[in-house]
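Notes follow the structure.
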Amino acid sequence: MTLNKIALCLSISLAGSCSSMAFAENSSIAEAVINGKTKINLNLRYETVDQDNTKKDADALTLRTRLTYETGKVAGFSSLIEFEDSRTVLGMDDYNNTLGKNTDYSVIADPETTELDQFLLQYQQKSLAIKVGRQLITMDNHRFVGHVGWRQDRQTFDGVTFAYQPIKDLTVDYGYITKRNRIFAEAKDIDSNDHLLNAAYKTSLGKITAYGYLLEVDNDTDNGLDTFGIRFNGGTSIGEQKISYQVEYAQQDADNATTSYSADYLLAELSTAFSGIGLKVGYELLGSDNGNYGFSTPLATLHKFNGWSDQFLNTPKEGLADLYASVGGKVAGGKWAVIYHKFDADEASATVDDLGSEFNAIYSNSFTKNYTAGIKLAAYSAGDATAGTVDTNKIWLWLNAKF
């Protein structure tokens with residue numbers, strides 16, 4: 281059984297019943313340790329960044345090594361430990377690693393690090409799964425809670441999570457987080473007091489999800505970021521043509537010692553396929569509070585949204601409207617996709633309205649069950665000069681091996 285299936289089953293994944301994927305029980309702790317599973321994942325990646333500013337072009341060749349060991353189960357209990365190491369290779373380290381090195385270069389957010397990525401105790405029965413310790417947590421499409429798996433040092437959390445399935449079509453997930461182990465090595469990890477609640481119900485038309493994420497950074501200040509929302513995703517057919525859709529709305533309140541803000545989130549997306557070619561069109565709005573605050577998702581897999589050049593990891597105070605379309609398919613045994621984004625401000629000001637546009641492209645090929653290689657491109661064209669962004673081009677080449 282793979283680690284991905286275990287994570288899908290035991291983490292906050294809204295995946296339904298876990299019983300069919302469970303390990304066979306062991307009669308003793310010693311037997312469980314002997315029957316444990318060890319996995320290794322190696323990711324070699326080259327990244328280059330070219331920006332239209334005073335920063336030097338950045339180049340990085342990094343190797344991420346992830347070693348995972350999970351015991352077998354005893355009376356429903358098991359344990360997992362995972363180490364992660366990221367190193368530059370062949371001296372190719374001409375980049376700003378976000379930790380104060382080479383600040384005259386553009387940023388590539390892959391600092392060198394060796395750290396404990398996961399360390400947890402987990403318990404599972406037919407309708408309940410509990411995890412305590414350092415762990416991956418993802419919810420829905422990673423828009424609000426994700427692992428930022430694209431970066432070499434992925435995001436994990438310290439805390440406890442519960443996944444409960446009281447009836448066949450209903451799942452309820454809760455997580456309490458005491459620390460956010462972010463992608464910048466241990467230097468920028470954040471103590472927190474976060475509560476995550478997500479409940480999903482499957483219907484004949486699709487899945488409806490309601491959620492509440494109450495986030496608070498533990499830095500002895502009066503602050504809070506509370507988000508409540510509802511999401512619906514499903515599919516239908518018009519004749520023989522299948523169409524998938526998702527819609528989502530959320531409302532956010534942000535408070536600190538002196539100020540309170542409120543902003544809305546909206547997503548609408550349609551996708552289909554013709555003759556093996558997938559098509560998708562969508563609109564995502566991260567709203568603004570009168571041009572003073574932009575809707576924020578600090579626990580998200582941000583690289584997945586609003587363009588791969590990562591121009592909008594922090595939502596502009598004017599908000600962000602992203603109209604996007606993509607086309608993709610298969611060729612030569614691999615997968616390809618091309619995506620276009622048009623960015624605008626939600627609350628335009630006298631100086632900021634056009635936030636630019638971006639083309640993304642990717643091709644990847646899993647040429648055996650153990651190896652995957654790919655190339656990925658991002659080309660961002662800046663909009664209004666006063667918006668604070670610049671033309672940016674990024675290229676990635678990678679080779680991944682897992683055993």
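Residue numbers (the numbering used here): 281 to 683.
Built from N, CA and C at the ideal position, the CB exists for glycine as well.
Since we're looking at a predicted model, the values are computed, not measured.
Neighbourhood of residue i by C-beta, 6 Å cutoff - its chain only, sequence neighbours within 5 removed
| i | result |
| --- | --- |
| proline 596 | Gly574 |
| arginine 434 | His427 and Val428 |
| aspartate 305 | According to the sequence as given, residue 305 is glutamate; it is not aspartate. Excluding positions up to five away in sequence, the list reads Lys353. |
| isoleucine 642 | Ala617 and Lys656 |
| leucine 494 | His475 and Asp506 |
| serine 542 | Asp533 and Asp569 |
| aspartate 538 | Reading the sequence as shown, one finds threonine at residue 538 and not aspartate. If we look at threonine 538 and ignore the five residues flanking it on each side, it has no Cβ neighbours. |
| tryptophan 588 | Asn640 and Ala658 |
| glycine 567 | Ala543, Asp544, Phe575, Gly599 and Asp626 |
| threonine 345 | Leu322 and Asp365 |
| leucine 546 | Tyr529 and Leu565 |
| lysine 560 | Ser551 and Ser606 |
Backbone secondary structure at residue i - three-state DSSP
| i | result |
| --- | --- |
| leucine 401 | strand |
| valine 632 | coil |
| histidine 621 | strand |
| alanine 662 | coil |
| isoleucine 523 | strand |
| alanine 338 | strand |
| glutamate 466 | helix |
| alanine 667 | helix |
| leucine 324 | strand |
| leucine 582 | helix |
| valine 428 | coil |
| leucine 416 | coil |
| asparagine 645 | strand |
| isoleucine 388 | coil |
| phenylalanine 303 | Residue placement at phenylalanine 303 is flagged as unreliable, the pLDDT there being 47, under the threshold of 50; the coordinate-derived value follows with that caveat. Reduced to three states, the DSSP call for phenylalanine 303 is coil. |
Residue i, enclosing beta strand (DSSP E) - first and last residue
| i | result |
| --- | --- |
| alanine 490 | 486-495 |
| alanine 479 | 470-482 |
| leucine 561 | The residue asked about is misnamed: residue 561 is valine in this sequence, not leucine. Counting along the chain, the beta strand (DSSP E) containing valine 561 begins and ends at 557-566. |
| serine 517 | 504-518 |
| lysine 406 | Premise fails: lysine 406 is in no beta strand (DSSP E) and is neither H nor E. |
| valine 452 | 450-461 |
| valine 440 | 436-447 |
| threonine 672 | 672-682 |
| aspartate 769 | What the structure shows of the chain is the stretch from 281 to 683, and residue 769 is not part of that stretch, so it cannot be assessed. |
Enclosing alpha helix (DSSP H) for residue i [first to last residue]
| i | result |
| --- | --- |
| valine 607 | First-last for valine 607: 600-611, but that is the beta strand (DSSP E), not the alpha helix (DSSP H). |
| glutamate 362 | That residue, glutamate 362, is in no alpha helix (DSSP H); its beta strand (DSSP E) goes 357-374. |
| glutamate 311 | 309-314 |
CA-to-CA distance, residue j to residue i, given in whole angstroms
| i | j | result |
| --- | --- | --- |
| valine 387 | asparagine 376 | 4 Å |
| arginine 325 | aspartate 373 | 12 Å |
| alanine 409 | serine 484 | 26 Å |
| glutamate 598 | tyrosine 660 | 19 Å |
| isoleucine 510 | isoleucine 457 | 22 Å |
| alanine 480 | valine 452 | 7 Å |
| lysine 406 | phenylalanine 683 | 29 Å |
| aspartate 671 | asparagine 382 | 21 Å |
| threonine 666 | threonine 631 | 6 Å |
| alanine 251 | alanine 443 | No statement about residue 251 is possible, as the shown extent of the chain runs from 281 to 683 and does not include it. |
| glycine 371 | leucine 343 | 12 Å |
| tryptophan 678 | alanine 338 | 16 Å |
| glycine 515 | serine 524 | 4 Å |
| phenylalanine 623 | glycine 636 | 5 Å |
| glutamate 395 | lysine 319 | 17 Å |
| glycine 413 | glutamate 350 | 14 Å |
| phenylalanine 554 | aspartate 438 | 44 Å |
| aspartate 384 | aspartate 332 | 13 Å |
| phenylalanine 508 | phenylalanine 592 | 22 Å |
| valine 369 | lysine 649 | 25 Å |
| glutamine 402 | alanine 662 | 47 Å |
Beta-carbon proximity list for residue i, same chain, < 8 Å, skipping 5 on both sides
| i | result |
| --- | --- |
| tryptophan 430 | Thr581, His583 and Lys584 |
Residue burial classification, residue i (beta-carbon count within 10 angstroms, cutoff 16)
| i | result |
| --- | --- |
| threonine 328 | buried |
| aspartate 397 | buried |
| glutamate 520 | exposed |
| proline 446 | exposed |
| serine 358 | buried |
| threonine 393 | buried |
| asparagine 594 | exposed |
| alanine 601 | buried |
| tyrosine 651 | exposed |
| aspartate 390 | buried |
| glutamate 466 | exposed |
| aspartate 502 | exposed |
| leucine 450 | exposed |
Residue i at chain B interface by Cβ criterion, 7 Å
| i | result |
| --- | --- |
| lysine 353 | Absence of chain B from the displayed structure is noted, only one protein chain being present. |
Same chain only: Cβ atoms within 7 Å of residue i, ignoring 5 sequence neighbours per side
| i | result |
| --- | --- |
| aspartate 664 | Thr631, Val632, Asp633 and Asp634 |
| lysine 468 | Arg462 |
| lysine 335 | Asp384, Tyr385 and Ser386 |
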